[in-house]
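K.L.:
Under this note's numbering, the first residue of the sequence shown is numbered -10, with each subsequent residue one higher. Every residue gets a Cβ at the ideal spot worked out from N, C-alpha and C, and that includes glycine. Remember, predicted model here, so these are calculated numbers, not experimental data.
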Amino acid sequence: MNNTAEKWIKSLKLIPHPEGGYYSETYRSEDSCSVKNLPPGYSGDRNFSTAIFYLLEKNQISKFHRLKSDEIFHFYDGDGMIFSIIDNAGNLSERKLGINYEEGQIPQILMKAGEWFGAELINPDTYCLAGCTVSPGFHFDDFELGDRDELLKMFPQHSKIIKQLT
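#1: Cα-Cα, which of E133, A102, I151 is closest to A108?
#2: Which of the three DSSP states, helix, strand or coil, is assigned to E109?
#3: Nearest by alpha-carbon distance to L81: which of S73, I88, Y90 is it?
#4: Identify whether E83 lies in helix, strand or coil by the three-state DSSP scheme.
#5: Using alpha carbons as the reference points, say which of E83, G79, Y65, A78 lies closest to I71.
#6: From the DSSP output, in three-state form, read off K52 for me.
#7: For P28, which option in K(-4), S58, Q94, Q97 has the closest C-alpha, if you only look at C-alpha atoms?
#8: Is DSSP giving E91 helix, strand or coil here?
#9: So for N26, helix, strand or coil by DSSP?
#10: Going by DSSP, what residue range makes up the beta strand (DSSP E) through T(-7)?
#11: Just verifying my parser: in three-state terms, what is the DSSP assignment at H147?
#12: Buried or exposed, going by whether 16 or more other CB atoms sit within 10 Å of the CB of A40?
#13: At the level of alpha carbons, what is the spacing between D114 and G69?
#14: If you pair each beta-carbon of the stretch 33 to 48 with each one of the stretch 134 to 143, do three or more pairs fall below 8 Å?
Quick look at the structure:
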C-alpha cells in the first residue's frame, strides 16, 4: 500500500466500497425531495445531495456500475484515474480525472444518471483521492453493480473493457 494512500485511508476513516476502492460519506443534505417529484425508478424520498471521499490505490479498480442520479467526481490528490463510460446509447468513451492537462486530464467529471462506468488508475502503482457528489442524493437502492455476463450480452462490442472492469 502506498504510504500516502494509507494515511488518507486512516485519517479520512475510509472503508471498502462494494465497487472497489475505499469511501467515506462526508455530507448528506438535511432536506429531501419527495419520491413523487423524482424521475421514475426511485424507491423513496431522496436527500437533495450527498458527497463522499473516494480512493483507489495500487491495482484497484472501480467496477462497472451505474446510478439513478448524476454523479460528479472531483480530483483531490495523487495520480489520475481513467473512466470508461458506456452511455445510454451504448457508446463507449473515456474521460481522465486529474490535473495533468497535457495528458487530457480534467479535475472534474460528470457521470450522467444511467451511464455504466468503471475506473482504474492511470498509473497502477499510485493512488487517487477524489470526491463524489451525487444529486439526488446517493442511496444504495439506486446503485447497480454491473454483472459481467449481462454487460457482455448488452455491449459485446466493448468486451475488452467490460472484462477488465468487472
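P.N.:
Looking at the coordinates:
#1: To locate residue 108, count along the sequence shown from 1; it is residue 119. With distances taken between Cα atoms, A108 lies closest to I151.
#2: On the sequence shown, residue 109 is found 120 positions in, with the first residue counted as 1. E109: strand per DSSP, three-state reduction.
#3: Numbered from its first residue, the sequence shown carries residue 81 at position 92. Nearest C-alpha to L81 among S73, I88, Y90: S73.
#4: One-based indexing of the sequence shown puts residue 83 at position 94. It is a strand residue.
#5: As a position in the sequence shown, residue 71 is number 82, starting the count at 1. In terms of CA proximity to I71, E83 leads the group E83, G79, Y65, A78.
#6: Within the sequence shown, numbered from 1, the residue matching residue 52 stands at position 63. DSSP places K52 in strand when its eight states are reduced to three.
#7: In the sequence shown, residue 28 corresponds to position 39, counting from 1. Answer by Cα proximity: S58.
#8: As a position in the sequence shown, residue 91 is number 102, starting the count at 1. Look at E91 here: in three-state DSSP terms it is helix.
#9: Taking the sequence shown and counting its residues from 1, one reaches residue 26 at position 37. The answer is helix: DSSP assigns N26 an H, G or I state.
#10: As a first step, residue -7 is located in the sequence shown; it is residue number 4 there, counting from the start. Note, T(-7): premise wrong, no beta strand (DSSP E); alpha helix (DSSP H) at -8 to 0.
#11: Against the sequence shown, residue 147 aligns to sequence position 158. Note: H147 maps to helix in three-state DSSP.
#12: For the purposes of this step, residue 40 is taken as residue 51 along the sequence shown, with counting starting at 1. Residue burial is scored here from C-beta neighbours: A40 has at least 16 other C-beta atoms within 10 angstroms and is therefore classed as buried.
#13: Numbered from its first residue, the sequence shown carries residue 114 at position 125. Numbered from its first residue, the sequence shown carries residue 69 at position 80. Straight-line Cα distance between these residues: approximately 11 Å.
#14: No, the stretch 33 to 48 does not touch the stretch 134 to 143.
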